[in-house]
Amino acid sequence: MQRQVALIKQSLFDQGYLDEQFVELEELQDDANPNFVEEVSTLYFKDSARLINSIDQALKRGSFDFNRLDSYMHQFKGSSTSIGASKVKTECTMFREYCRVGNAEG
Amino acid sequence: MALGNLSSSPSSNTSELHVLAVDDSLVDRKVIERLLRISACKVTTVESGTRALQYLGLDGDKGSSGLKDLKVNLIVTDYSMPGLTGYELLKKIKESSAFREIPVVIMSSENIQPRIEQCMTEGAEDFLLKPVKLADVKRLKELIMRGGEAEEEKTSNLSPKRILQNVFFLFFIVFFIITNIVIFIMLFPLRKDETRI
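Those protein sequences? They're chains A and B, same order as listed.
Going by our numbering, the letters in the first sequence line up with residues 69 to 174, in that order.
Going by our numbering, the letters in the second sequence line up with residues -16 to 180, in that order.
Structure, rendered in structure tokens:
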């Protein structure tokens, strides 16, 4: 089972979903704080769900408030960077670029 | 999300740095707190510049004379925050006579040169690019500790020197007074019938 987890983790790194920041976080975990990565990840998922929901609501409204969308994306990108979710970070950057040029289709 | 996330670790060990970490992102607060704790610092986290000012007692509210029970040795703040930005927080701290000596470090995920220069000009100790790594925190801690040590040495070195100087000064004064008294007595004898020896 542990080997499978290790393999899955490695593939996440290989496919670019996770980067070295995740490794940094793993190194902050020790016997005194054995659940650090789990705690941060949980916070990240909760925070992300909230942000994605806000973005979804904003998009559904039809009239695109690019500044607000950009602000949400900035927060999402920030936390993704801190946790090492590099693919998410890249997508956020692209989204923000679309906001910058006012591209609603993108 | 909770109204105010104020978490501090009480301890009476004065050789540890007490850091106030300011960031609106929950994830970033968690990460920076861990980075600092693992570097043997006491940490208090707040989620906005306004809360940071409240914590320090700088918010102008007479009621809050500062919630802190420990002296803050370092402030680490995110740049982009709703309400008061990290830069504005930096300015407020540098404007206050009570807290301007506290080093302030700005963190940002965006590497914008004019922004960095603006913060450094305003008196920031350093500008860290996110994601902040353990190496960054360790380097920062060393910088702050060295700065604190140098200051301590300066004041402690002054003391023995000052004491010596004071002693010499006193001796000189006493000697001067006695000499004057002797001269005075010799020039103006107290009793007419006193014969000079």
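We put the beta carbon where it would ideally sit given N, CA and C, even for glycine.
Does any residue of chain B bring its CB to less than 8 Å from the CB of residue i?
i: Q83 (chain A); result: no
i: T149 (chain A); result: yes
i: E107 (chain A); result: yes
i: E159 (chain A); result: no
Give me the Cβ distance between residue i and residue j, rounded to the nearest whole Å; I'm assuming they're in contact under 8 Å.
i: V108 (chain A); j: I151 (chain A); result: 6 Å
i: T33 (chain B); j: A4 (chain B); result: Wrong, their Cβ atoms sit about 15 Å apart, outside the cutoff.
i: G40 (chain B); j: L73 (chain B); result: Contact flag wrong, Cβ pair sits at about 17 Å.
i: A153 (chain A); j: L86 (chain A); result: 7 Å
i: V26 (chain B); j: Y112 (chain A); result: About 20 Å separates the two Cβ atoms, so there is no contact after all.
i: V87 (chain B); j: L19 (chain B); result: Going by Cβ atoms, the distance from V87 (chain B) to L19 (chain B) rounds to 15 Å, so no, they are not a contact pair.
i: M64 (chain B); j: D7 (chain B); result: 5 Å
i: K75 (chain B); j: L36 (chain B); result: 6 Å
Which residues in chain A have a C-beta closer than 7 Å to the C-beta of residue i? List them in chain order.
i: L9 (chain B); result: L111 and D115
i: K121 (chain B); result: Simply none; closest approach about 12 Å.
Taking 8 Å as the CB-CB cut-off, is residue i touching chain A?
i: S63 (chain B); result: yes
i: L18 (chain B); result: yes
i: S79 (chain B); result: no
i: S92 (chain B); result: yes
i: G46 (chain B); result: The pLDDT assigned to G46 (chain B) is 46, lower than 50, so where the model puts this residue is not dependable; a value taken from the coordinates is nonetheless given after this. By this cut-off, G46 (chain B) is not an interface position.
Can you name the residues of chain B whose CB is closer than 8 Å to the CB of residue i?
i: E95 (chain A); result: L117
i: E92 (chain A); result: P114, K116 and L117
For residue i, report the span of its beta strand (DSSP E) as first-last.
i: T60 (chain B); result: L57 to D61
i: I89 (chain B); result: V87 to S91
i: L3 (chain B); result: H1 to V5
Specify, as a first and last residue, the run of the alpha helix (DSSP H) that residue i falls within.
i: I76 (chain A); result: Q70 to D82
i: T28 (chain B); result: That residue, T28 (chain B), is in no alpha helix (DSSP H); its beta strand (DSSP E) goes K25 to V29.
i: G146 (chain A); result: F134 to I151
i: S80 (chain B); result: Run containing S80 (chain B): none; DSSP gives neither H nor E here.
i: F163 (chain A); result: S154 to V169
i: T33 (chain B); result: G32 to L39
i: N121 (chain A); result: F104 to K128
i: Q89 (chain A); result: E88 to E95
i: D11 (chain B); result: L9 to I21
Counting only Cβ pairs nearer than 7 Å, list the residues of chain B close to residue i.
i: Q143 (chain A); result: S8
i: Q104 (chain A); result: With the sequence shown as reference, residue 104 (chain A) is identified as Phe, and Gln is not the correct amino acid for it. Neighbours of F104 (chain A) on chain B, chain order: R17.
i: Q89 (chain A); result: P114
Residue i touches chain A at which residues, Cβ-Cβ below 8 Å?
i: S22 (chain B); result: Near S22 (chain B) there are no residues of chain A at all, since even the closest Cβ is about 10 Å away, more than 8 Å.
i: S31 (chain B); result: By Cβ distance, chain A contributes nothing, its closest Cβ being about 13 Å from S31 (chain B), past 8 Å.
i: K13 (chain B); result: E107, V108 and L111
Which residues in chain A sit within 9 Å of residue i, going by Cβ to Cβ distance?
i: K113 (chain B); result: G146, T149 and S150
i: S(-2) (chain B); result: Within chain A, no residue comes near S(-2) (chain B); the closest Cβ sits about 20 Å away, beyond 9 Å.
In the region 91 to 134 of chain B, which residue ranges form an unbroken beta strand (DSSP E) of at least 3 residues, counting only runs that do not cross its ends?
109 to 112
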